[in-house]
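Below is one structure, written out as structure tokens, with a few remarks after it.
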Amino acid sequence: MIMLKKSCPFLFLLVSLVLSMSMMTVNAAAAVSNGTVYPVESNNIQGWPAGPEVACETAVLMEADNGNILYSKGGDELRYPASITKIMTALLAIENLQLDTQVTFSENSVASEQVAGSSTLHMQVGEVITVEDCLYGLIIQSANEIAIQLAEQVSGSEAAFAELMNQRAAEIGCKSTNFVNASGLPDENHYTTAYDMALICREALKNQTFRTVIQTENYVIPPTNLSAGARELHTHHPLLASESAEYYEGCLGGKSGSTEAAGKTLVTAAERKGITLIAVVMKGADMGPNCQDTTNLLNYGFDNFKKIDLNQGFVLVPSNVRMEELQCEENVQQDGSVLLNYSYSGQPVGSAYKEEEKPQEEMKEKPTAEKGVSESNDENTQQQDKNNRSQSHSLMDALLILLAVLIAVLVILIVLLTKKDRRKNKRRKKKR
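The sequence shown runs -28 to -1, 1 to 404 under mature numbering (1 follows the signal peptide of the UniProt record, and there is no 0).
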């Protein structure tokens, strides 16, 4: 190495870089398989409800709307995700493709069926189904050939799609995630964390199409150009299946995963009392304990926290905590509004917009204004009385005038009749 450094600095730098990258890969691989037992970090928050013990190696419970963490056990530790990877695949497919687009399966995507233990729908080369059918096959059946085909449909190749996955993960806020494929098939460079997967699921839940797909227990892909029979799909998520012993009331669905390296992984969203929670458990020994861990986490969240609605926002706090006990930090937004970020014992619990305050002059004038309204009402009443009296007088005057006219007409008639009688009398006298 010393001779190499002296004779060719650039080559030495290149070799060093390759060795460093190799060490990073080894470290990442070691980090996801070290078997360390992690404590429940959220139990260290003063005044925070004690969280349940879980059998899986790492776990996170997140409140979906604000993205705040209620529970964490090794939440930032690297683990292999297996098929929960497909949450990101589904999100990108929904964001970049039309549901009615026809998808033709390539030889490359169908070849994934040859992977040992691979989940599949046995699609054939040249077979055509819609993007919508693909999404249900991806989430419900966890078909790997569909994951690869959707990746090719969006980005041209699975490698290019993996770059898009990592870019989207960074946009969401993931800091410890690296995807190299669309399915979650084993790869030592394909890893994430329980916290990052909760972030990815939270982003996906904002999309109504994604919500519809993950909440579907059963789906039928109709016959295709190469298949005369329909494909019936039934959910693999135990907490969603209504006939399952693990069924959880309020479950919105999610995604399960399993490989030898990843163990059992499970992402679950559930909603009760206007609160949406996301539970992520990773590296479980069996799906049964994973389901129990998830149930315990969701119950912990729904039973020990309450939602307090505020102006254009809310906080989710331990059930015995009052608003006066929260810390508040003001942040002025670009539009001039003020966002209030609340925390409890240093733990974020939610945010809301500050209600607009009226100018001080208006506040001072308010009592006067109220008094003015009262006086105005009195004046209106008095004016109305005057108007009523005026109308009464006008009507009386009109009647008097009418009466006077009638009397005048009557007098005139009497006078005329009297003159007429006199003329008649005169004529009579003359005749005599």
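Glycine included, C-beta positions come from ideal geometry on N, C-alpha and C.
Proximity below 8 Å, CB of residue i to CB of residue j
{"i": "Leu93", "j": "Phe182", "result": "no"}
{"i": "Ser78", "j": "Glu124", "result": "yes"}
{"i": "Leu107", "j": "Val185", "result": "yes"}
{"i": "Thr196", "j": "Val100", "result": "yes"}
{"i": "Leu198", "j": "Gly109", "result": "no"}
{"i": "Ile32", "j": "Gly19", "result": "Note that residue 32 is Val in the sequence shown, not Ile. Not closer than 8 Å, so no."}
{"i": "Phe274", "j": "Arg244", "result": "yes"}
{"i": "Glu25", "j": "Met254", "result": "no"}
{"i": "Ala242", "j": "Tyr220", "result": "yes"}
{"i": "Ala170", "j": "Ile250", "result": "yes"}
{"i": "Tyr325", "j": "Ser315", "result": "no"}
{"i": "Thr248", "j": "Leu211", "result": "no"}
{"i": "Ser228", "j": "Glu189", "result": "no"}
{"i": "Ile172", "j": "Ile59", "result": "yes"}
{"i": "Ile17", "j": "Ser317", "result": "yes"}
{"i": "Ser91", "j": "Gln113", "result": "yes"}
Reduced DSSP category for residue i - H, G, I as helix; E, B as strand; rest coil
{"i": "Ala119", "result": "helix"}
{"i": "Phe277", "result": "strand"}
{"i": "Pro320", "result": "strand"}
{"i": "residue 429", "result": "Here the chain has residues from -28 to 404 only, and residue 429 is not among them."}
{"i": "Glu29", "result": "coil"}
{"i": "Tyr272", "result": "helix"}
{"i": "Ala251", "result": "strand"}
{"i": "Pro290", "result": "strand"}
{"i": "Cys263", "result": "helix"}
{"i": "residue 418", "result": "Since the first residue of the chain shown is -28 and the last is 404, residue 418 is not available in this structure."}
{"i": "Gly109", "result": "helix"}
{"i": "Trp20", "result": "coil"}
{"i": "Asn150", "result": "strand"}
{"i": "Ser315", "result": "strand"}
{"i": "Leu382", "result": "helix"}
{"i": "Ala257", "result": "coil"}
{"i": "Asn161", "result": "coil"}
{"i": "Asn15", "result": "helix"}
{"i": "Asn138", "result": "helix"}
{"i": "Glu243", "result": "strand"}
Exposure of residue i, with buried meaning 16 or more beta-carbon neighbours within 10 Å
{"i": "His162", "result": "buried"}
{"i": "Cys300", "result": "exposed"}
{"i": "Arg294", "result": "exposed"}
{"i": "Glu35", "result": "buried"}
{"i": "Glu204", "result": "exposed"}
{"i": "His206", "result": "exposed"}
{"i": "Gly322", "result": "buried"}
{"i": "Val82", "result": "buried"}
{"i": "Val289", "result": "buried"}
{"i": "Thr266", "result": "buried"}
{"i": "Thr61", "result": "buried"}
{"i": "Val383", "result": "exposed"}
{"i": "Val192", "result": "exposed"}
{"i": "Asp72", "result": "exposed"}
Residues near residue i by beta carbon distance below 6 Å, same chain, minus five either side
{"i": "Val12", "result": "Gly23 and Lys45"}
{"i": "Thr164", "result": "Pro53 and Thr149"}
{"i": "Gln187", "result": "Leu224 and Gly225"}
{"i": "Ala132", "result": "none"}
{"i": "Ser230", "result": "Ala54 and Lys236"}
{"i": "Cys146", "result": "Asp168 and Leu171"}
Close Cβ partners of residue i (< 7 Å) along its chain, the five nearest in sequence each way excluded
{"i": "Pro194", "result": "Ala202"}
{"i": "Asn15", "result": "Ala22 and Gly23"}
{"i": "Asn68", "result": "Val126"}
{"i": "Gln74", "result": "Val100 and Thr102"}
{"i": "Phe286", "result": "Lys279, Ile280, Gly322 and Ala324"}
Beta-carbon proximity list for residue i, same chain, < 8 Å, skipping 5 on both sides
{"i": "Ala234", "result": "Arg51, Tyr52, Pro53, Ala54, Gly156, Pro158, Met254 and Lys255"}
{"i": "Val9", "result": "Glu29"}
Subject >> Length at least 3, wholly inside the stretch 172 to 240: the beta strand (DSSP E) runs in chain order >> reply: 190 to 193, 203 to 206 and 223 to 231
Original post:
What runs of the alpha helix (DSSP H), each 4 residues or longer, lie entirely inside the stretch 29 to 107?
Top reply: 58 to 68 and 79 to 82
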